[in-house]
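Taking it in order: structure first as structure tokens, then the write-up.
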Amino acid sequence: MTMLKPLAFLILIVCTTFVVTECRTIQPNDANLIQQTCKKTPNYALCIQYLNSDPKAPSADVTGLALIMVNVMKNKANIAINKIHQLIGKSPPDQKATLNSCASKYNAIVVADIPSAIEALQKGNPKFAEQGANDAANEANSCENGFSGKSPLTAENNAMHDVSVITSAIVRLLL
């Protein structure tokens, strides 16, 4: 009986060492998942930048990475909405209608596209998440094309389009 206590203690140490060693190898594999996922998107560098800026990304699966990107979409849409509201107050009358149209498009992204993408990913139905991301990219393009001449929202529209197509590509991996 006294011989079993040291043996049990030895087994406990070996098992603990094994678990700790295995935990250390998870991080490089997770970073590899981010890299492998981003390689399948239209903008590898931007994908890496967005995902590496989120502390949850290293431990996320592909669905988690897609949800992180949907959150980036939400942030980009809110930035655009804030800028639109600033511009409406100081724009000439002929540009206000186009800015209001853009506000409507970005509100649709925040109110419809993003919530439906989140719900679809959480429920395991990525096709609707892909559709939401594609719709957001189209809304950003439509806003940009609504201006006759130079758009004051080019940077925001391009950012929204880029993050949306990256998100769509990641979601497509789940189909």
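Read in order, the letters of the sequence shown correspond to residues 0 to 174 in numbering that gives the first Met the number 0.
Don't be surprised by glycine CBs; every beta carbon is placed ideally from N, CA and C.
Under the three-state reduction of DSSP, which class applies to residue i: helix, strand or coil?
i           : result
residue 42  : coil
residue 124 : coil
residue 54  : coil
residue 59  : coil
Are residue i and residue j close, meaning C-beta to C-beta below 8 angstroms?
i           : j           : result
residue 142 : residue 156 : yes
residue 49  : residue 69  : no
residue 96  : residue 57  : no
residue 144 : residue 167 : no
residue 36  : residue 66  : no
residue 105 : residue 129 : no
residue 126 : residue 174 : yes
residue 76  : residue 159 : yes
residue 108 : residue 99  : no
Let's test the definition: count the other Cβ atoms within 10 Å of the Cβ of residue i and tell me whether it reaches 16, buried, or not, exposed.
i           : result
residue 110 : exposed
residue 93  : exposed
residue 136 : buried
residue 84  : exposed
residue 148 : exposed
residue 40  : buried
residue 22  : Note that residue 22 scores a pLDDT of 40, beneath 50, so its modelled location is shaky; the value from the coordinates is reported in the next line. With fewer than 16 Cβ atoms within 10 Å of its Cβ, residue 22 is classed as exposed.
residue 60  : exposed
residue 154 : exposed
residue 44  : exposed
Curious, which full-length alpha helix (DSSP H) runs of at least 4 residues does the region 81-114 contain?
-> 92-107
What are the uninterrupted segments assigned as beta strand (DSSP E) that are 3 or more residues long and contained completely in the region 144-174, given in chain order?
-> none
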